[in-house]
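Novice: In the numbering used here, the protein residues as written are 12 to 190. Yeah, the Cβ is synthetic: ideal placement off N, Cα and C, and Gly gets one too. One structure, as structure tokens, below. Some questions next.
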């Protein structure tokens with residue numbers, strides 16, 4: 012009895028094709044280095060009893076010799092280890108080759124979440140911040156979701172006195188290995 016066997020003849024072709032498709036899906040930028048993300052500015056834009064609107068600016072740095080097209084982003088803002096807000100943008104931005112661009116965002120912060128942590132946050136002379144989220148990067152294989160994160164410290168004493176606050180920054184792409 013002869014018939015088609017999924018594990019036999021047809022399976023030998025299907026397995027390599029499936030592996031190739033899986034590996035192609037893992038390549039997020041086709042050999043390009045991922046962009047870096049950093050917090051470039053943060054100020055209060057509006058406030059009411061339940062919510063504060065922050066005008067945030069993030070900087071995207073493209074370390075590649077080709078321009079990078081970002082078709083949107085989704086970011087979460089953490090202050091003092093507490094998730095306080097979220098920002099989304101559908102704006103398309105081209106990050107020039109070996110260059111950077113600033114992206115303005117509106118971040119909405121829950122005042123209720125901040126109330127429970129406000130005193131300990133203000134008691135310290137510095138405040139840790141973290142941005143975590145994803146960029147939607149257009150590649151020749153379609154739009155890819157690229158996880159990004161950046162963190163640092165803000166010197167609150169310098170901000171209060173009017174001096175420029177030094178901010179330590181680390182940015183990168185999350186790879187599942189703690190970086």
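1) Among residues of its own chain, excluding the 5 on either side of residue 152, which ones have a beta-carbon nearer than 6 Å to its beta-carbon?
2) Using 8 Å as the threshold, is the region 58-77 in touch with the region 104-120, meaning 3 or more CB pairs across them?
3) Less than 8 Å between the C-beta atoms of residue 68 and residue 55, yes or no?
4) How would you call residue 148, buried or exposed, if buried means at least 16 neighbouring beta carbons within 10 angstroms?
5) Whole alpha helix (DSSP H) runs in the region 75-145 with 4 or more residues, listed along the chain?
6) Could you check which residue in 44, 146, 142 and 159 has the C-alpha nearest to that of residue 53?
7) Name the DSSP bridge partner or partners of residue 158?
8) Under 8 Å Cβ to Cβ from residue 117, same chain only, skipping five residues before and after it: list those, please.
9) Give the DSSP-derived three-state secondary structure of residue 48 in the structure shown.
10) What three-state label does DSSP hand residue 42 in the structure shown?
11) Per DSSP, which one or two residues make a beta bridge with residue 56?
12) Comparing the C-beta of residue 110 with each C-beta of chain C, is any distance below 8 Å?
Specialist: Put simply:
1) none
2) yes
3) no
4) buried
5) 122-126 and 129-134
6) 142
7) 145
8) 56, 64, 65, 66, 67 and 98
9) strand
10) coil
11) Beta-bridge pairing links residue 56 to no other residue.
12) No chain C is part of this structure, which consists of one protein chain only.
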